[in-house]
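Taking it in order: structure first as structure tokens, then the write-up.
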Amino acid sequence: MAQSICQARASVMVYDDTSKKWVPIKPGQQGFSRINIYHNTANNTFRVVGVKLQDQQVVINYSIVKGLKYNQATPTFHQWRDARQVYGLNFASKEEATTFSNAMLFALNVLNELACITPHLYCRCSSL
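Note that the sequence shown covers residues 9 to 136 in my numbering.
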């Protein structure tokens, strides 16, 4: 079962390499979403889930993985990347940004510690 470990309001953005600009993750949908980080306690995984405040549409459902690079670019704009995309969250306030970043850093810490405790689950070990 997954439980929310934080909630914040933010605009969900992605970086458009073509225009070199941040754009809404869903074209034509600006405005705030309710962003949660959920912790699935059964398998110790974490997800970022964002739901548009205006129409309750899911705009992001992102699995947080060990080693993810999370960058607090400004007090209210944070970002991370994967192989395909750079994601950004433009928070409604510094307090909400801090709440979210604390939860994200907690999740990354748990995932990194889990990898150290059970390395066979997360990396290939060469046999001797």
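Beta carbons: idealized from backbone N, C-alpha and C, even for Gly.
The model shown is predicted, which means the values in this text are computed figures rather than measured ones.
Nearest-angstrom beta carbon gap, residue j and residue i [assumed within contact, 8 Å]
i	j	result
Val94	Val20	The Cβ separation is near 12 Å, so there is no contact.
Ala100	Cys14	That pair is no contact at about 14 Å.
Chain-order list of residues whose beta-carbon lies under 8 Å from that of residue i (same chain, five-residue window excluded)
i	result
Met11	According to the sequence as given, residue 11 is Gln; it is not Met. Around Gln11: Tyr46, His47, Thr49.
Contacts around residue i, its chain only, beta-carbon distance under 7 Å, and the 5 residues preceding and following it disregarded
i	result
Ser56	It is Val, not Ser, that sits at residue 56 in the sequence shown. If we look at Val56 and ignore the five residues flanking it on each side, its Cβ neighbours are Ile43, Ile45, Ile68, Tyr70, Ile72.
Lys77	Trp88, Arg89
Gln80	His86, Ser109
Asp24	Val31
Close beta carbons around residue i, own chain, < 6 Å, minus the five adjacent residues each side
i	result
Phe108	Cys14, Ala16
Val118	none
Whole-angstrom distance between residue j and residue i, CA atom to CA atom
i	j	result
Pro32	Leu116	25 Å
Phe54	Lys102	23 Å
Gln65	Gly39	12 Å
Leu113	Lys34	26 Å
Thr84	Leu97	8 Å
Arg92	Thr106	26 Å
Glu121	Met9	21 Å
Lys28	Asn51	38 Å
Thr82	Ala18	14 Å
Gly58	Gln37	13 Å
Asp63	Ser41	10 Å
Gly75	Leu61	30 Å
Residue i CB to nearest heavy atom of the ligand SAM below 8 Å
i	result
Arg17	As far as ligands go, the structure on display features none, and thus does not contain the ligand SAM.
Could you tell me which whole beta strand (DSSP E) segments of length 3 or greater appear in the region 48 to 115? If we require 3 residues or more, the beta strand (DSSP E) runs fully inside the region 48 to 115 come out as 53 to 60, 66 to 72, 78 to 80, 85 to 89, 94 to 99.
Ranges of the beta strand (DSSP E) found wholly within the region 12 to 53, counting only runs of at least 3: Qualifying beta strand (DSSP E) stretches, in chain order: 29 to 32, 41 to 48.
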